[in-house]
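K.L.:
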Amino acid sequence: MSTLPIHPHPVAFDVLVMGGGVSGSVAAIAAARTGARVLLVEEHGFLGGSLTAMGVGPMMSFHNPDGEQVVRGIPDEIIRRLQARGASLGHIADTTTYCSTVTPFESEELKIELEDMLTAAGGEVLFHTQLAGVIAATDRLAAIVLCNKAGLTAFRAKIFIDATGDADLAARAGVAFTLGRTGDGLAQPMTMNLKLANVDTAAVREYARSHPDDFLWSPVGQTEGLRRLASSPRLSLAGFLGAWKAARERGEVDVPRDQVLFFETPTPGVVIVNTSRIAGLNAADPFQLSRAEMIGRKQCAQIFRFLRTHAPGFAQAVRMDTAAKIGVRETRHVAGLYQLTADDLLASRAFPDAIALGGYPIDIHAPSAETTTTKPLRPSARYQIPLRSLLVERPENLIVVGRCISATHEAAAAFRVTPIAMAIGQAGGVTAAEAVRGDVAPAQVPYAAVRERLLQQGAQLPAP
Ligand SMILES: Cc1cc2nc3c(=O)[nH]c(=O)nc-3n(C[C@H](O)[C@H](O)[C@H](O)COP(=O)(O)OP(=O)(O)OC[C@H]3O[C@@H](n4cnc5c(N)ncnc54)[C@H](O)[C@@H]3O)c2cc1C
């Protein structure tokens with residue numbers, strides 16, 4: 007068998023970010039704004055990852071249960087820019103009552119905004135490109151091998167950031183990782199998101215107002231839920247409990263989930279239905295991922311028929327699409343310098359190297375049941391993410407950002423949401439650029455330098 011030729015790319019970048027989801031995009035923007043020459047590599051032809059390719063929305067949440075904003079910086083700047091384009095309503099009350107706020111956005115505009123922000127900062131993007139392998143030197147990554155229409159090409163960089171969500175780069179580089187929860191290794195289930203248009207949201211609101219027991223209003227209760235329902239400019243609900251249960255008993259839907267969950271986008275009447283559930287499959291395994299895509303699509307067809315037939319306000323709904331890729335909540339978590347735990351988050355433990363804050367609860371879509379388990383936070387909680395959870399022992403020039411940083415299954419169920427994933431990305435990007443500037447490994451960058459740069463970039467951090 008002949009060896010495939012690998013051509014070296016002529017340019018050596020300072021920072022190469024693998025994966026253009028929101029954490030990778032924000033990492034690339036932050037690194038470029040800190041002065042590094044940055045390349046962002048993405049397998050799709052657009053940025054945004056879960057928020058664009060997987061049809062996820064709204065972002066939730068920039069706020070803690072009390073309504074205090076805990077994520078700012080580049081993530082919040084993205085929202086303000088989207089608002090200026092008429093592509094987001096900003097942070098609005100969450101009518102499911104699960105969070106204090108949600109942030110609906112137009113995914114097509116998000117793609118453009120992320121590209122604009124990165125290119126304005128001097129960063130470059132390489133689309134339609136997959137990670138094929140790594141070239142290791144002692145304790146370092148010398149280069150990574152990328153695969154695209156040009157074949158296999160080796161790209162050098164001083165610092166690499168793994169923003170693949172699945173820790174693909176770290177795993178290829180030999181970094182130890184855990185998969186899913188302790189015990190059986192099962193991860194949170196996948197969900198194929200379904201987008202519908204022409205939903206009569208006034209009729210849905212009226213039905214929810216007159217049948218509140220058919221919906222979930224947790225954790226703040228029905229009274230607060232109905233108050234928000236009356237005033238919030240866009241609708242989100244978890245319910246249709248009675249009709250859904252009956253349809254499942256009749257065998258019309260075989261989705262292993264106890265509720266219908268949907269969120270209205272900024273375009274009135276266009277909703278994202280986050281209801282399908284594909285459990286027990288490993289999204290880091292290509293064959294299992296392929297099976298999940300097919301199961302998810304069939305479930306979405308059932309969900310669409312259910313809504314049109316049984317859900318008030320959905321009779322004239324039009325199916326726009328299922329997402330380009332099935333939604334993957336969880337796969338690998340790297341074994342980093344510090345493994346973040348649920349206790350850390352529930353206690354809002356203070357870390358000497360805090361680089362981001364969060365206020366979203368521990369939200370576990372059960373890996374092997376129909377339910378969703380929540381470990382609520384104290385209303386005033388502002389948990390901290392330490393820089394060490396983004397760093398690994400070896401390779402010393404690798405940083406990990408987004409949902410696959412070093413954490414337990416339970417802790418990841420909280421910070422995985424997009425505002426916090428973006429805040430983590432911003433810190434990873436700043437750390438990478440500071441490492442380049444000081445010609446040191448990321449673990450050698452003084453925390454004070456990262457903190458100062460993050461504060462300059464508007465990030466929200468705990469008081470020193
Ligand atoms: C069904 C579902 C519903 C959710 N609901 C919400 C919600 O309502 N609100 C909220 O805020 N969050 C929600 N989340 C969580 C949130 O969307 C994600 O956890 C978050 O976006 C993760 O961002 P990330 O950048 O870490 O990873 P990702 O968004 O997964 O981005 C990874 C990127 O890397 C690319 N990539 C991966 N591997 C490779 C490779 N080998 N080569 C090249 N490119 C690669 C991918 O194409 C992708 O663009 C949901 C997630 C799911 C799956």
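Numbering (our numbering), first residue to last: 7 to 470. Here a beta-carbon is modelled for each residue, glycine too, at the ideal position from N, C-alpha and C. Since the model is a prediction, treat every value here as computed from it, not as a measurement.
1. Do the stretch 198-218 and the stretch 348-359 make contact, defined as three or more Cβ pairs closer than 8 angstroms?
2. Would you mind stating whether residue 12 and residue 123 have Cβ atoms separated by less than 9 angstroms?
3. For my contact list, residue 272 and residue 425 are in at a C-beta cut-off of 8 angstroms; report their separation, rounded to the angstrom.
4. Looking at the unbroken beta strand (DSSP E) that takes in residue 306, where does it start and where does it end?
5. Among 155, 288, 298 and 150, which one has its Cα closest to the Cα of residue 191?
6. Residue 129 to residue 298, Cα distance in whole Å?
7. Need the endpoints of the alpha helix (DSSP H) that residue 6 sits in, please.
8. Helix, strand or coil: which one does DSSP assign to residue 424?
9. Tell me which residue opens and which closes the beta strand (DSSP E) that residue 328 is part of.
10. Across which residues does DSSP place residue 267 in a beta bridge pair?
11. Quick one: Cα of residue 386 to Cα of residue 9, how far?
12. Comparing the CB of residue 81 with every heavy atom of ligand 1, is any distance shorter than 8 angstroms?
13. Hey, would you say residue 431 sits closer than 9 angstroms to residue 47, going by beta carbons?
14. Taking the alpha helix (DSSP H) that residue 178 falls in, what are its first and last residues?
15. For residue 251, does the count of other Cβ atoms within 10 angstroms reach 16, so buried, or fall short, so exposed?
16. Check the Cβ-Cβ distances between residue 192 and every residue of chain B, and say whether any is below 9 angstroms.
17. Within a Cβ cutoff of 6 angstroms, which residues of the same chain sit near residue 268, ignoring the five residues on either side of it in sequence?
18. Pick out whichever of 416, 391, 423 and 396 has its Cα sitting closest to the Cα of residue 466.
19. On the three-state DSSP scale, how would you describe residue 466?
20. Would you mind giving the Cβ-Cβ distance between residue 241 and residue 212, rounded to the nearest angstrom? I have them listed as a contact below 8 angstroms.
21. Would you list the residues sitting across from residue 1 in a DSSP beta bridge?
22. Leaving aside the five residues before and after residue 187 along the sequence, list all residues of the same chain whose C-beta is less than 6 angstroms from its C-beta, in chain order.
23. Shorter than 8 angstroms, the distance from the beta carbon of residue 327 to the closest heavy atom of ligand 1, or not?
24. Please work out which residues of its chain come closer than 6 angstroms, Cβ to Cβ, to residue 302, disregarding the five sequence neighbours upstream and downstream, and give them in chain order.
25. Would you tell me roughly how many angstroms separate the C-alpha atoms of residue 208 and residue 274, rounded to the nearest one?
26. Check each candidate in 308, 100 and 438 and name the one with the smallest Cα separation from residue 65.
27. By Cβ distance, which residues of its chain are closer than 6 angstroms to residue 382, with the 5 residues on each side in sequence left out?
28. Can you tell me which of 410, 452 and 258 puts its alpha carbon nearest to the alpha carbon of residue 478?
29. For the 8 angstroms Cβ check, are there 3 or more pairs between the stretch 151-170 and the stretch 313-323?
30. Under the DSSP definition of a beta bridge, which residues are partnered with residue 338?
31. Might you give, ordered along the chain, the residues of its own chain that have their beta carbon closer than 6 angstroms to the beta carbon of residue 353, omitting 5 neighbours on each side?
32. Three or more C-beta pairs under 8 angstroms: does that hold for the stretch 39-59 against the stretch 397-404?
33. Is residue 443 helix, strand or coil when you go by DSSP?
34. Is residue 201 near ligand 1, going by C-beta to nearest heavy atom under 8 angstroms?
35. Does the beta carbon of residue 300 fall short of 8 angstroms from some heavy atom of ligand 2?
36. On the premise that residue 72 lies in contact with residue 106, defined as a C-beta separation below 8 angstroms, what is that separation, rounded to the nearest angstrom?
P.N.:
The structure says:
1. Cβ pair count under 8 angstroms is below three, so no.
2. In the sequence shown, counting from the first residue as 1, residue 12 sits at position 6. In the sequence shown, counting from the first residue as 1, residue 123 sits at position 117. Inclusion of residue 12 and residue 123 in the CB contact set at 9 angstroms is not warranted, their separation being larger than that value.
3. Translated into the one-based positions of the sequence shown, residue 272 becomes position 266. Translated into the one-based positions of the sequence shown, residue 425 becomes position 419. With 8 angstroms as the limit, residue 272 and residue 425 do not qualify as a contact, their Cβ atoms being about 17 angstroms apart.
4. Numbered from its first residue, the sequence shown carries residue 306 at position 300. In the DSSP annotation of this structure, residue 306 is not part of any beta strand (DSSP E); the continuous alpha helix (DSSP H) holding it starts and ends at 292-316.
5. Translated into the one-based positions of the sequence shown, residue 191 becomes position 185. Closest option to residue 191, judged by alpha-carbon separation, among 155, 288, 298 and 150: 288.
6. The residue you call residue 129 lines up with position 123 of the sequence shown. The residue you call residue 298 lines up with position 292 of the sequence shown. The C-alpha of residue 298 is placed about 34 angstroms away from the C-alpha of residue 129.
7. With the chain represented from 7 up to 470, any question about residue 6 goes unanswered, as that position is not in the structure.
8. Numbered from its first residue, the sequence shown carries residue 424 at position 418. In this structure, residue 424 counts as helix in the three-state DSSP scheme.
9. Stepping through the sequence shown from its first residue, residue 328 is reached at position 322. Residue 328 -> beta strand (DSSP E) spans 324-328.
10. The residue you call residue 267 lines up with position 261 of the sequence shown. In the DSSP output, where bridge partners are listed per residue, residue 267 has 244.
11. Along the sequence shown, read from residue 1 onward, the residue named residue 386 stands at position 380. Along the sequence shown, read from residue 1 onward, the residue named residue 9 stands at position 3. About 58 angstroms.
12. Counting from one through the sequence shown, the residue named residue 81 turns up at place 75. Distances between the C-beta of residue 81 and the heavy atoms of ligand 1 are all 8 angstroms or more.
13. Here residue 431 refers to the residue found at position 425 of the sequence shown. Here residue 47 refers to the residue found at position 41 of the sequence shown. If you check the CB distance, residue 431 and residue 47 do not come in under 9 angstroms.
14. Residue 178 sits at position 172 when you count from the first residue of the sequence shown. Looking at the DSSP string, the run of the alpha helix (DSSP H) that includes residue 178 is 174-178.
15. Taking the sequence shown and counting its residues from 1, the one referred to as residue 251 is at position 245. The residue in question, residue 251, is exposed, as its Cβ has fewer than 16 Cβ neighbours within 10 Å.
16. Included in the structure is just one protein chain, with no chain B present.
17. Taking the first residue of the sequence shown as position 1, residue 268 is located at position 262. Cβ-Cβ distances below 6 angstroms link residue 268 to 277 and 279 in the same chain, with the five nearest sequence neighbours on each side left out; the list follows chain order.
18. In the sequence shown, residue 466 corresponds to position 460, counting from 1. Looking at the Cα atoms, 391 is the closest of the given residues.
19. For this step, residue 466 is matched to residue 460 along the sequence shown. Three-state result, residue 466: coil.
20. Translated into the one-based positions of the sequence shown, residue 241 becomes position 235. Translated into the one-based positions of the sequence shown, residue 212 becomes position 206. Not quite, the Cβ-Cβ distance comes to about 11 angstroms (not below 8 angstroms), so this is no contact.
21. Outside the displayed span of the chain (7 to 470) sits residue 1, for which this structure offers no information.
22. The residue you call residue 187 lines up with position 181 of the sequence shown. Taken in chain order, the residues that qualify are 415.
23. Taking the sequence shown and counting its residues from 1, the one referred to as residue 327 is at position 321. No, the beta carbon of residue 327 sits no closer than 8 angstroms to any heavy atom of ligand 1.
24. Residue numbering aside, residue 302 sits at position 296 when the sequence shown is read from its first letter. Excluding positions up to five away in sequence, the list reads 198, 282, 284 and 332.
25. For this step, residue 208 is matched to residue 202 along the sequence shown. For this step, residue 274 is matched to residue 268 along the sequence shown. Taking the straight line from one Cα to the other gives about 10 angstroms.
26. Indexing the sequence shown from 1 puts residue 65 at position 59. The shortest C-alpha separation from residue 65 is found at 100.
27. To locate residue 382, count along the sequence shown from 1; it is residue 376. Residues 225 and 367 of the same chain have their beta carbon placed closer than 6 angstroms to that of residue 382, with the five preceding and five following residues left out of the count.
28. Missing from the structure shown is residue 478; the chain here goes from 7 to 470 and no further.
29. Because the criterion of three Cβ pairs below 8 angstroms is not met, the stretch 151-170 and the stretch 313-323 do not touch.
30. As a working mapping, residue 338 is identified with position 332 in the sequence shown. Beta-bridge pairing links residue 338 to 185.
31. In the sequence shown, residue 353 corresponds to position 347, counting from 1. No residues qualify anywhere along the chain.
32. Because the criterion of three Cβ pairs below 8 angstroms is not met, the stretch 39-59 and the stretch 397-404 do not touch.
33. Indexing the sequence shown from 1 puts residue 443 at position 437. It is helical.
34. By one-based count along the sequence shown, residue 201 stands at place 195. Because no heavy atom of ligand 1 lies under 8 angstroms away, the Cβ of residue 201 does not count as near it: no.
35. Absence of ligand 2 from the depicted structure is noted, with ligand 1 being the only ligands included.
36. If you number the sequence shown from 1, residue 106 lands on position 100. If you number the sequence shown from 1, residue 72 lands on position 66. Rounded, the Cβ-Cβ distance is 7 angstroms, consistent with contact.
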